[in-house]
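S.K.:
2 protein chains.
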Amino acid sequence: MTKYEQIADIIRERIKKNEYPVHSQLPKQSLLAEEFSASRETIKKAIDLLTMEGLVYAQRGSGTVVLNRPFSQKEASPATEYYGLTALMEKEERSVDSDIILFDVTFPNQHIQEKLHITATQAVYHIIRLRRVDNQPYILEHIYMPVHLVPHLTEDILKQSIYDYLKNELDLKFAGAYRMIQADKSDSFDQTYLNCEVTDPILEVEQVVYLKNGQLLEYSRSRNRFDVRGYSVLDLQ
Amino acid sequence: MTKYEQIADIIRERIKKNEYPVHSQLPKQSLLAEEFSASRETIKKAIDLLTMEGLVYAQRGSGTVVLNRPFSQKEASPATEYYGLTALMEKEERSVDSDIILFDVTFPNQHIQEKLHITATQAVYHIIRLRRVDNQPYILEHIYMPVHLVPHLTEDILKQSIYDYLKNELDLKFAGAYRMIQADKSDSFDQTYLNCEVTDPILEVEQVVYLKNGQLLEYSRSRNRFDVRGYSVLDLQ
DNA sequence: TAGTGGTCTAGACCACTAC
DNA sequence: TAGTGGTCTAGACCACTAC
Chain P
1 MTKYEQIADI IRERIKKNEY PVHSQLPKQS LLAEEFSASR ETIKKAIDLL
51 TMEGLVYAQR GSGTVVLNRP FSQKEASPAT EYYGLTALME KEERSVDSDI
101 ILFDVTFPNQ HIQEKLHITA TQAVYHIIRL RRVDNQPYIL EHIYMPVHLV
151 PHLTEDILKQ SIYDYLKNEL DLKFAGAYRM IQADKSDSFD QTYLNCEVTD
201 PILEVEQVVY LKNGQLLEYS RSRNRFDVRG YSVLDLQ
Chain A
238 MTKYEQIADI IRERIKKNEY PVHSQLPKQS LLAEEFSASR ETIKKAIDLL
288 TMEGLVYAQR GSGTVVLNRP FSQKEASPAT EYYGLTALME KEERSVDSDI
338 ILFDVTFPNQ HIQEKLHITA TQAVYHIIRL RRVDNQPYIL EHIYMPVHLV
388 PHLTEDILKQ SIYDYLKNEL DLKFAGAYRM IQADKSDSFD QTYLNCEVTD
438 PILEVEQVVY LKNGQLLEYS RSRNRFDVRG YSVLDLQ
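Protein chains in written order, with the numbering used here: chain P, 1 to 237; chain A, 238 to 474.
#1: Since isoleucine 181 (chain P) contacts tyrosine 144 (chain P) with CB under 8 Å, what's their CB separation in whole angstroms?
#2: Which residues does DSSP list as the beta-bridge partners of arginine 223 (chain P)?
#3: Compute the minimum distance between the beta carbon of histidine 148 (chain P) and the heavy atoms of the ligand ADP, and state whether it is under 6 Å.
#4: Just tell me which of P:Leu203, P:Phe103, P:Ile118 has its CA closest to the CA of isoleucine 157 (chain P).
#5: So within the segment 376 to 431 of chain A, which uninterrupted alpha helix (DSSP H) runs reach at least 4 residues, ignoring any that extend past its ends?
#6: Whole angstroms are fine: how far does the CA of arginine 297 (chain A) sit from the CA of alanine 245 (chain A)?
#7: For the alpha helix (DSSP H) containing leucine 31 (chain P), name the first residue and the last one.
#8: Measuring straight from C-alpha to C-alpha, what distance separates proline 27 (chain P) and leucine 453 (chain A)?
#9: Is it buried or exposed for isoleucine 248 (chain A), if we count other Cβ within 10 angstroms and need 16 for buried?
#10: How should arginine 40 (chain P) be labelled, buried or exposed, when 16 other C-beta atoms within 10 angstroms of its C-beta is the threshold for buried?
#11: Which stretch, first to last residue, makes up the beta strand (DSSP E) that contains isoleucine 364 (chain A)?
#12: Going along the segment 415 to 431 of chain A in order, which residues come within less than 8 Å of chain P, judged by CB to CB distance?
#13: Using the C-alpha atoms, what's the distance from histidine 385 (chain A) back to phenylalanine 226 (chain P)?
#14: For isoleucine 364 (chain A), which residues in chain P fall below 9 Å Cβ to Cβ?
#15: How about arginine 477 (chain A) and glutamate 443 (chain A): are their beta carbons less than 7 Å apart?
#16: Buried or exposed: glutamine 29 (chain P), going by 16 or more other Cβ atoms within 10 Å of its Cβ?
#17: Going along chain P in order, which residues have a C-beta closer than 7 Å to the C-beta of leucine 407 (chain A)?
#18: Which stretch, first to last residue, makes up the beta strand (DSSP E) that contains alanine 58 (chain P)?
#19: Taking Cβ-Cβ distances shorter than 7 Å, what residues in chain P pair up with threonine 436 (chain A)?
#20: Applying the criterion that 16 or more other CB atoms from any shown protein chain within 10 Å of the CB defines a buried residue, is glutamate 114 (chain P) buried or exposed?
#21: Consider the Cβ of tyrosine 241 (chain A): report whether some Cβ of chain P lies at a distance smaller than 7 Å.
#22: Name the DSSP beta bridge partners of tyrosine 447 (chain A), please?
#23: Below 7 Å CB to CB, which residues in the same chain sit around arginine 331 (chain A) once its five sequence neighbours on both sides are set aside?
#24: Measure the Cβ-Cβ separation of valine 293 (chain A) and tyrosine 375 (chain A) and say whether it is below 7 Å.
#25: Identify each residue in the segment 451 to 467 of chain A for which the Cβ-Cβ distance to at least one residue of chain P is less than 7 Å, and report them in chain order.
#26: So, is valine 302 (chain A) buried or exposed, given that buried needs 16 or more other C-beta atoms within 10 angstroms?
#27: Could you check what DSSP says for tyrosine 231 (chain P) in three-state terms: helix, strand or coil?
#28: Assuming threonine 42 (chain P) is part of the alpha helix (DSSP H), what are its boundary residues?
#29: Can you check whether the C-beta of leucine 440 (chain A) is within less than 7 Å of a C-beta belonging to chain P?
#30: List the residues of chain P whose Cβ lies closer than 9 Å to the Cβ of leucine 292 (chain A), in chain order.
#31: Keeping to the same chain, check which residues put their C-beta closer than 7 Å to that of alanine 295 (chain A); ignore five residues upstream and five downstream.
#32: What in chain A is Cβ-close to tyrosine 163 (chain P), meaning under 9 Å?
#33: For leucine 26 (chain P), which three-state DSSP category applies?
#34: What is the DSSP secondary structure of leucine 116 (chain P), counted as helix, strand or coil?
#35: Have a look at the DSSP bridge pairing and note the partners of serine 299 (chain A).
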């Protein structure tokens, strides 16, 4: 762990313990630099981390104040979300399992070609998977992945966590994801598998996942039961 | 504008013009430092900006590659969103107007007290406002703001952009917003004002807006017609 | 093992705020 | 005008990658 991360951890703890109360000023950067035997640039990097978490706000000319923000929000943040539902639910000690409704290899239609930046002759997996949390239907996923990026995908893997396999077995490195969140009416497919009413809406998360080398790994639409899931976003500046 | 922002602008232009094509390596930091007569730390800050935009990916040991990401996504990003719908729609040359359905001053119930971190004796505005874009119903907003932060709010201001007033007249400085996005069934209130069907869902954005001094300015629930609006998020790392 | 980006420093100058 | 944070530098050392 870097020095500025360690310093940020210490300051975060002090805020938690009310040693730096809400609305109070943090000691000025040069004092913190002295205390931690660090340069001011390093202190700045630590404070930048806390700023990005929404814990403090630094203003040129008038110091750095502690903001009024509950800590719990961090866990609801989407930042870690594409490590998969399994990882997310593990923290809360809830069980996740999956039904494979479709597992097919096909050629992409134009929409999928555009989303994944591939040609009509590059085969893709087409997966429909129902995810249950604590044995309750939760999300119906429609996933497309280029076959050449994920050879040897099997039903067994799909029943567990795809992301564990991609990360640990194939050693793929994720750069990030672009998501579009919208509400939709449920269709009969949703109603069947998510066990929801005709009048129930759906929270759909459309997602494109990027690898560190710039390749597009996944295009998916995750259809969430409206009553079990929200999506939180923290915007700064 | 800072030097590192200027350098980021130049590199961004080069990527746009394909001088640094997708999947190619950027020149190494020390070369860029030489070219721009800057230190490597300053180049690093410029590249960090581009990384946060999702344009490049820097990896210790193997250089910085140009990612495959359309530029248009930046405009869809939520980062600028809480400057208000008026500003967002102005870019697209679409008209925005508002009906004031309720404009009241009241004492906050427990839920609002918790969201705004105020006591039961601190008065709040309670506003319900219907926003139309190009004369079509778009969003039904339920807004709560502490009166002491926004004195002299009037119906006239509500009919225009609240944010213009807060920024330009009251000189309030925004630090950020925390949002929760979810799907919901429409209720009869939504159906009346948003002119939607009984079976239409709603995309609800629940929001808390923070000022730079740490005060909480606004708690609101914006109920969007499901067929006109989505919400985009870019996650990195 | 060579080459890359990540971090860190000490000191400097500047922009902005609050009085 | 005093005091704060923001930026910038030149140089150093290190971690990681790819061969």
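Glycine included, each C-beta is placed from N, C-alpha and C at the ideal position.
Remember, predicted model here, so these are calculated numbers, not experimental data.
M.R.: Based on what the coordinates show:
#1: Not really, about 19 Å apart at Cβ, beyond 8 Å.
#2: P:Leu140, P:Glu204
#3: This structure simply doesn't include the ligand ADP, nor any ligand for that matter.
#4: P:Phe103
#5: Here the runs fully enclosed are 392 to 396, 425 to 431.
#6: 19 Å
#7: 29 to 35
#8: Approximately 23 Å, taken between the alpha carbons.
#9: buried
#10: exposed
#11: Note, isoleucine 364 (chain A): beta strand (DSSP E), 361 to 370.
#12: Taking 8 Å as the upper bound on Cβ-Cβ separation, chain P lies near residues Tyr415, Arg416, Met417, Ile418, Gln419, Ala420, Asp421, Lys422 of the segment 415 to 431 of chain A.
#13: Near 36 Å, if we compare the C-alpha coordinates of histidine 385 (chain A) and phenylalanine 226 (chain P).
#14: Chain P residues near isoleucine 364 (chain A): none, gap ~21 Å exceeds 9 Å.
#15: What is shown of chain A runs 238 to 474, which leaves residue 477 (chain A) out entirely.
#16: buried
#17: Those within 7 Å of leucine 407 (chain A) in chain P number zero; the least Cβ separation is about 17 Å.
#18: 56 to 59
#19: Lys185, Thr199
#20: exposed
#21: no
#22: According to DSSP, tyrosine 447 (chain A) bridges with A:Gly413, A:Leu453.
#23: Val370, Asp371
#24: Between valine 293 (chain A) and tyrosine 375 (chain A), the gap from beta carbon to beta carbon reaches 7 Å or more.
#25: Gly451, Leu453, Phe463, Gly467
#26: Classification of valine 302 (chain A): buried, given that the 10 Å Cβ count is 16 or more.
#27: Three-state result, tyrosine 231 (chain P): strand.
#28: 40 to 52
#29: Leucine 440 (chain A) has a beta carbon lying within less than 7 Å of a beta carbon in chain P.
#30: Ordered by position in chain P, no residue passes the 9 Å Cβ test against leucine 292 (chain A), which lies about 10 Å from the chain.
#31: Ile284, Thr288, Thr301
#32: Near tyrosine 163 (chain P) there are no residues of chain A at all, since even the closest Cβ is about 14 Å away, more than 9 Å.
#33: DSSP places leucine 26 (chain P) in coil when its eight states are reduced to three.
#34: helix
#35: Serine 299 (chain A) pairs with nothing; no bridge assigned.
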